[in-house]
Amino acid sequence: MESIGVSTTRETVIMLMFREEKPPDEELKAWQFWHSRQHSVKQRILDADTKNSTGIIGQIDEITHNAIAFYWNPLESPAKVNIAVQCLSTDFSNQKGVKGLPLHLQIDTFDDFRESATPYHRGYCQIKVFCDKGAERKTRDEERRAAKRKLNNAAGGDGAVTFPGRKKLDEMFHLPCDRSEFYSMSDLLKPPILFTPSDDIEKVTTMDMAFYTNPNSIAEDQNGSGLERRDTDSTESRSTFTPPPKRMKIFPIENKYKLSASNIKSIYKKSKKGILVQVDDDIVKHYSNEDVCLIEVTKVDEELCDVTLVEV
């Protein structure tokens, strides 16, 4: 068993998710719909204010549009991160007056920094985001309905008619409070949906890329038409990938296989599930040193080629 040095540093990922569980493709389409209505392609879903955050080590990393990550040491001090949710609960429909979608703030904390690691704790908290006037109106309506129910119950006395469905709803929600509590989630294995804008929805992926293990050997070569695949199980021909600076992802391929960076049009990653993602500086952060993959080189024209990193 591989031994790991004991470290008190923790990595925490804060994500904005949909409360009502949907298929991954529907969640991605909802985020894509929201992004298409923004004035700038750089508009993020979840922002963090580093200057007003305390207890973090280094900078806050914007890993995707709806997720941020940072390191901290719980033995030194608690981490306090100031975040801003930039989307409204009603932003996912063109119709006016529709009920907003409840959202979850999800916090995954890791004590193992390997890409195959799962979080040792996952917490969540439901939120609803409205514009100022909309939030005030909603609060007044909820208070009015609650007061009306109390009056009806008081007027009816012991013989009052109760509605089981309404009682169940009352038990589901706690009283208003100044601070929202995060609840522990038992399912630590489910990969969260992380959104990166793309023209092609198939190139937007989930975080399942960060929940895979490194095999001890590489699959046998299977050459396809017009496709060059280079693989080997020897250590000396294994390419390693490290996070940015930018374009560092090209250097190992360029040096190992004598491909000029100027001739590489695009780099893609293909997961074991067949999900194809265009690799950018955010996606490359999910790669760990000594990750193993097959490299496929496909010619686009006489000068340019695409490189695909295939999980094995």
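Mapping of the sequence shown onto UniProt numbering: residues 1 to 312, in sequence order. Beta carbons are placed, not taken as given, at the ideal position from N, Cα and C, and that holds for glycine. Predicted, not measured: the structure shown is a model, and the values here were computed from it.
How would you call residue i, buried or exposed, if buried means at least 16 neighbouring beta carbons within 10 angstroms?
i	result
Leu75	exposed
Asp108	buried
His65	buried
Leu227	At Leu227, the pLDDT of 34 sits below 50, so the modelled position is not reliable; the number obtained from the coordinates is stated separately. Counting Cβ neighbours within 10 Å, Leu227 comes out exposed, since fewer than 16 surround it.
Phe70	buried
Arg144	exposed
Val129	buried
Leu46	buried
So residue i and residue j are in contact, right, with Cβ under 8 Å, and what is the actual spacing, rounded?
i	j	result
Gly58	Pro78	That pair is no contact at about 17 Å.
Met15	Ala67	4 Å
Phe195	Tyr124	Phe195 to Tyr124, Cβ: 17 Å. No contact.
Gln86	Gln43	7 Å
When the Cα atoms are used, what is the spatial distance from residue i to residue j?
i	j	result
Lys150	Arg122	36 Å
Gln38	Asn152	45 Å
Ser7	Lys99	45 Å
Ala48	Leu105	13 Å
Lys22	Ser262	41 Å
Val300	Ile264	9 Å
Ile63	Lys148	46 Å
Arg140	Gly97	16 Å
Thr118	Leu188	7 Å
Cys293	Ser186	32 Å
Ala146	Asp178	18 Å
Gly274	Glu142	46 Å
Leaving out five residues on either side along the sequence, give the residues of the same chain with a beta carbon under 6 Å from the beta carbon of residue i.
i	result
Tyr120	Asp111
Thr308	Tyr268, Lys270, Glu296
Ala30	Phe92
Glu27	Phe18, Ile193
Which residues in the same chain have their Cβ closer than 7 Å to the Cβ of residue i, if we skip the five residues on either side of it in sequence?
i	result
Lys203	Below a pLDDT of 50, predicted positions are generally treated as unreliable, and Lys203, at 38, falls in that range; the measurement from the model is reported next regardless. So the list reads Leu276, Val277, Gln278, once near-sequence residues are dropped.
Ser266	Gln278, Asp306
Asn82	Ala48, Asp49, Asn52, Ser53
Trp72	Arg10, Thr12, Gly55, Ile56, Ile57, Ala79
Pro197	His35, Val41, His65
Glu303	Asn263
Cys131	Leu88
Ser180	Cys125
Return the chain-ordered list of same chain residues with a C-beta closer than 8 Å to the C-beta of residue i, the five sequence neighbours on each side being excluded.
i	result
Leu259	Ile253, Val297, Cys305, Val307
Arg19	Leu101, Pro102, Leu103, His104, Gln126
Ser184	His121, Arg122, Gly123
Asp61	Ile68, Ala69, Phe70, Lys285
Can you confirm whether the stretch 89-102 touches the stretch 43-55 when touching is taken to mean that 3 or more C-beta pairs between the two stretches lie within less than 8 Å?
no
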